[in-house]
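Report on one structure; see the data block that follows.
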Amino acid sequence: MMRKAGAAMAALGFSALSLQGCGGGSGSTATTVTTTKVATTTTTTTSTVTTTTLGPLGPQPKQDLVPIKGISYRALPFKILDIPPGEDMMQKGYELMYHTGRDDLGMMRAMGASAVRIYAGLGSELYTDHGAFLDRAFDLGLNVIVDFYTSARCPEFDCYATWKNMSVTGLKNQGMMKDGAWHPAIKIIMLMNEPDNLPFNDDQGAQPSCPKDAAEPPQFMPWCRVKAVLSALDGLMAAEEATGIADGSSAMVGVAWSFASRESIDKVCKPTMPNENMFGFQDIMAGIADPDIASYSFRTSGSTEFYKNRWVNAINSPAPWSFTKLKVNDQYAPYAPTKFFISQLTPADDSPQDLNADLIAIDAEAKKGGEFMGVVVKGFQTDYTDPEAFTFMFNLGDKKLGSVHVCQESPGHPENPICGDYDIWCLDPTKGKHSADVFAAWGGKVKPAMGLCPGLAEEPVEEDATDFIA
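What follows is the structure, given as structure tokens:
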């Protein structure tokens, strides 16, 4: 019993306990029991594992329009051609891609982009909200360059009615107007993409013919393309008037011409001449000065002032910067002070082009303060609709991130949209090309990012993944 008590007290931390005998009187003997405590030290090591869940990039500082460091955005969500999804990447159905699920816009901003170009943001999808896309771009400090759907109805190359309708719909019903002006994210509106190739449709859905000179191929008949552009501009001006857009809106307006060699409508530019690639710039300057040259008469007043105050020239170039500079920048003096930019630079897989060096040189040129504004690089994602297309910045990986429901409509028959459900896949820069050239030139980065495929997004995060990255 004594042993048990001593052990119990020792366990509670007692060390030298003296016990007296039970007997009384002077003849009693004292017994001392000494208990020795053996100290035991236990060391516990705690490991803390921090898991960072990558989300969409947080709000970023606003960026000036110039220098333009843009990326074109036509990231159609499929790998095998079936029914092509809607081309309008601004429609609400794509929100999982451009923001909440893959955050493509956040990726562009992280790469150092200051602008994003949308090819069919006006007119190819007429029912759903586009304001969410614009709000997201604005929060990221990305300036938006939005195109009309060029392959719209343009009977006899008179695009007035269709372009007016597409404009009014976008402004009144799709969130493209804010506080009496174009949404503040929209900085440039492209009326058409390469109208010199006559990519229009007539009332029957066929490409209209250009009959003025049957001896020439249609694309060499400049009056057709010039009439189309002037009438589209007329329709836009009428829509702004009808919707109360403030006079002198901050949104510039222009056309993206091909890099072909053609004769301008007034024969100032001709093939084999140094200015052969600027036929479109000359077309519009001549057409605004005298619309009769294209057999057109403006329905809306103010075209001359509009051109003077808001027009911007643009050209799609497949060439290295040195050649584009020689053929366009160095020949541009007749069109000053109208601004211009490269609306689509297509990196060539089969040429010795140094894209990184070109982008650095383009940025330096745009910062000089002249007419040249910068560049939009094609394209964010490889286009799987064309088996022979070049590989662009990102290919699609194997991890499914969700699905979207998106639509494509004809401006002539919007009551019959073609809609479908499509899987969203992660992005793989290792199987794409040029992303490293772009973000290195623009002082950005790709990782970490929520839209990258597994194994590509999990490098150490030194700061909150939603913090400012530029």
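The opening residue of the sequence shown carries number 1026 in our numbering; numbering runs sequentially from there. Yeah, the Cβ is synthetic: ideal placement off N, Cα and C, and Gly gets one too. Bear in mind that the values here come from a model prediction, so they are computed numbers and not experimental data.
Euclidean distance between Cα positions of Lys-1470 and Phe-1284: 31 Å
Through-space distance from Asp-1355 to Asn-1168, alpha-carbon basis: 27 Å
Rounded straight-line distance, which links the Cα of Pro-1084 to that of Ala-1490: Model confidence at Ala-1490 stands at a pLDDT of 37, short of 50, so the residue's coordinates are unreliable and nothing is read from them.
Beta-carbon proximity of Gly-1146 to Asp-1183, cut-off 9 Å: Against a cut-off of 9 Å, the Cβ pair of Asp-1183 and Gly-1146 comes out as no contact.
Enclosing alpha helix (DSSP H) for Ile-1313 [first to last residue]: For Ile-1313, the uninterrupted alpha helix (DSSP H) segment begins and ends at 1304-1314.
Buried/exposed call for Lys-1094, threshold 16 Cβ in 10 Å: buried
Stretch pair the stretch 1341-1357 + the stretch 1302-1311: three plus CB contacts closer than 8 Å: yes
Contacts around Ser-1460, its chain only, beta-carbon distance under 8 Å, and the 5 residues preceding and following it disregarded: Once the five neighbours on either side are set aside, the close Cβ partners of Ser-1460 are Met-1136, Met-1418, Phe-1419, Pro-1454, Val-1471.
In DSSP terms, what Tyr-1447 is bridged to: Tyr-1447 is bridged by DSSP to Val-1429.
Spatial distance of His-1124 from Pro-1233 (CA atoms): His-1124 and Pro-1233 have their C-alpha atoms roughly 39 Å apart.
Whole-angstrom C-beta distance between Met-1398 and Lys-1364, which should lie under 8 Å: 5 Å
Rounded Cβ spacing between Ala-1100 and Asp-1129 (contact assumed at less than 8 Å): So it is a contact: roughly 6 Å between Cβ atoms.
Element boundaries [beta strand (DSSP E), containing Lys-1212]: Boundaries of the beta strand (DSSP E) around Lys-1212: 1211-1218.
Classification of Asp-1089 by the beta-carbon crowding that lies within 10 angstroms, buried from 16 upward: exposed
Cutoff 6 Å; reference Ile-1108; Cβ partners in own chain excluding five residues on either side: Gly-1445
Proximity below 9 Å, CB of Ile-1096 to CB of Val-1141: yes
Gly-1279 - partner residues in DSSP beta bridges: Met-1215, Val-1337, per the DSSP bridge assignment.
Option nearest Val-1280 by Cα separation, candidates Ser-1322, Ile-1449, Lys-1456, Val-1171: Val-1171
C-alpha distance - Arg-1127 paired with Ser-1320, whole-angstrom precision: Taking the straight line joining both Cα atoms gives about 48 Å.
Ala-1378 (DSSP reduced to helix, strand or coil): According to the sequence displayed, residue 1378 carries Gln and not Ala. Coil.
Beta-carbon spacing of Asp-1388, Arg-1287 below 9 Å: no
Selected residue, minimal CA-CA separation from Arg-1134, among Lys-1117, Tyr-1098, Gln-1116, Thr-1153: Tyr-1098
Under the three-state DSSP convention, the category Lys-1350 falls into: In this structure, Lys-1350 counts as helix in the three-state DSSP scheme.
Asp-1291 versus Ser-1342 - alpha carbon distance: 23 Å
Outcome for Lys-1406 when other beta-carbon atoms lying within 10 angstroms are tallied against a minimum of 16: The sequence shown places Gln at residue 1406, not Lys. Buried, by the Cβ-count rule.
Test item: CB-CB of Ala-1257 and Tyr-1185 under 9 Å: It is a contact, given that the beta carbons lie within the stated cut-off.
Bridge partners - Val-1463, DSSP secondary structure assignment: Looking at the DSSP assignment, Val-1463 forms no beta bridge with any residue, so it has no partner.
CB contact flag (Ala-1474, Met-1122, <9 Å): no
Proximal residues to Leu-1477 (C-beta, below 7 Å), its chain only, five neighbours per side dropped: Cys-1451, Leu-1452
Simplified DSSP assignment, three categories, for Glu-1266: helix
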